[in-house]
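Worksheet for the structure shown next.
2 protein chains.
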Amino acid sequence: MKVAEPTVERLIQYYRLLDRLNGEKTKVVSSLEIGDMLGIKASQVRKDLSYFGEIGKRGVGYDVKRLCVHIENILDAPRVWHVALAGVGNLGTALMGHTVFKSYKFKVEALFDIDPQKVGRKIMGVECYHSRETTRIITEKNIDVLLLAVPASAAQSCVDAAAASPSIRGILAFTPATVAVPDNILFYRVDIFAELEKLLFFLKEKEGKEKIKYHKLPE
Amino acid sequence: MKVAEPTVERLIQYYRLLDRLNGEKTKVVSSLEIGDMLGIKASQVRKDLSYFGEIGKRGVGYDVKRLCVHIENILDAPRVWHVALAGVGNLGTALMGHTVFKSYKFKVEALFDIDPQKVGRKIMGVECYHSRETTRIITEKNIDVLLLAVPASAAQSCVDAAAASPSIRGILAFTPATVAVPDNILFYRVDIFAELEKLLFFLKEKEGKEKIKYHKLPE
């Protein structure tokens, strides 16, 4: 069964909401309430959840805790993923400290940088290697996922070095740089640029101080 | 005219691609090529661009430079936005150094933190204030946008303090925390958690080592 990306995105939203509701000791929630809180149609919520085998009680709703555990299982990792981080600057360091990266789902097993102050040292308990060793270390440590937090100018060479290892399966990039990634490697991007541009676009629309000119440009 | 969010997202993708093509000295690009490179249907590309007043030449395509400037104008800011950053830890520092935040579209005019080592100092040329001064400083400096890079536990109080000022119009959050934001404030999130979970979900699907159980849970 192939699950579409927007479905997975909604599933992650459901999980996050249910986890919060569970923490707030909410016992039951309806598809209408879930939809309202997330800006999704109730019919879509019911469709998604029934697709994953969960049907709410008519007039009652879903058991929060049960549904939360159920979605957690769907999102669960089959094993601990082996992760490496390229780029131990401020962003990389922030990522290492981010709650999201303290997940039981994976383990950061290698760092890469070119800074002589960092290479050869352990940082937050993880060994930092020189970037030129990327392919070898990724292969030796059987790394599945590379987190890419290097400057834009170094992004492509990091991806190439990682992709040269047979073990790498996915890359999560934190750079706005466009990079070419082989088809067999999953590539996702945490897109600061796009979110910021969206915010600014709608701010402008809202302010309405400047009318956007959509008419044709002069030839 | 109200532009839908997915349209704006595509517009940002077009812009990024065209900017790159322009840098590579590509002169002309067809809707089919744009679509291929971005994973969007050619018909959608043509529809989007004609909606914004740009029509390619049949059998030739779009003039890259002209189209790039055109979209840049649509995304352009009517004025320089006044921005403040809450949380000057590793993440906040990384954001200040990020190319995206060296945009001519806005200016970071205040930092907020609670660390006595930072409060009262200038960091990368910007004054850092104590978080308890958030409302006053945001009002005085007429800040439009707050970048939220504080730990999850501090996110809500930061949002509340910012929202208490009449000047704040938008928040871009870098925290996974769920926060309540007044309706009159635009809120976007750079969602590290969701992108990472998506990557791990599709990695799992691809590996196919573990079958996901979609059948009904026991009652």
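One line per chain: the protein sequences are A and B, in this order.
Each number in the numbering used here corresponds to the 1-based position in the first sequence with 29 added.
Each number in the numbering used here corresponds to the 1-based position in the second sequence with 29 added.
Where is the CB? At the ideal position from N, CA and C, for every residue including glycine.
| Asked | Found |
| --- | --- |
| What do you get for residue 116 of chain B, buried or exposed, if any count of 16 or more other CB atoms within 10 angstroms of its CB means buried? | buried |
| Label residue 88 of chain B either buried or exposed according to how many other C-beta atoms from any shown protein chain fall within 10 Å of its C-beta, with 16 as the threshold for buried. | exposed |
| Let me check you understand the geometry: is the CB of residue 210 of chain B closer than 7 Å to at least one non-hydrogen atom of the ligand SAM? | Among the ligands in the structure shown, none appear at all, so the ligand SAM cannot be discussed. |
| Cα separation between residue 209 of chain B and residue 63 of chain A? | 15 Å |
| Three or more C-beta pairs under 8 Å: does that hold for the region 37–55 of chain B against the region 214–232 of chain A? | yes |
| Hey, residue 192 of chain A and residue 218 of chain A are a contact pair by Cβ (cut 8 Å); roughly how many whole angstroms apart? | With 8 Å as the limit, residue 192 of chain A and residue 218 of chain A do not qualify as a contact, their Cβ atoms being about 16 Å apart. |
| Using a Cβ cut-off of 8 Å, pull out every chain A residue sitting near residue 18 of chain B, in sequence order please. | Not covered by the structure: residue 18 of chain B. The range shown for chain B is 30 to 248. |
| Could you name the residues of chain B that residue 173 of chain A contacts, counting a contact when the two beta carbons are closer than 8 Å? | 232 |
| Once the 5 residues before and after residue 50 of chain B are set aside, which same chain residues still bring their CB inside 7 Å of it? | 58, 93 |
| In angstroms, rounded to a whole number, what distance separates the CA positions of residue 231 of chain A and residue 154 of chain A? | 43 Å |
| Can you tell me whether residue 171 of chain B is buried or exposed? The criterion is at least 16 other CB atoms within 10 Å of its CB, across all chains shown. | exposed |
| Using CA coordinates, which residue listed in A:145, A:67, A:44, A:108 is at the minimum distance from residue 99 of chain A? | A:44 |
| Compute the Euclidean distance between the alpha carbons of residue 190 of chain B and residue 168 of chain B, then round it to the nearest angstrom. | 11 Å |
| Going by DSSP, what residue range makes up the alpha helix (DSSP H) through residue 222 of chain B? | 221–236 |
| How about residue 123 of chain A and residue 123 of chain B: do their beta carbons lie closer than 8 Å? | yes |
| If we count the other Cβ atoms within 10 Å of its Cβ and call it buried at 16 or more, is residue 119 of chain A buried or exposed? | buried |
| Just the C-alpha distance for residue 194 of chain A and residue 212 of chain A, rounded to the nearest angstrom, thanks. | 14 Å |
| Would residue 53 of chain B pass as an interface residue toward chain A - the criterion being a Cβ-Cβ separation below 8 Å? | no |
| Going along the chain, which residues of its own chain have a beta-carbon closer than 8 Å to the beta-carbon of residue 69 of chain A, five neighbours each way excluded? | 39, 42, 63 |
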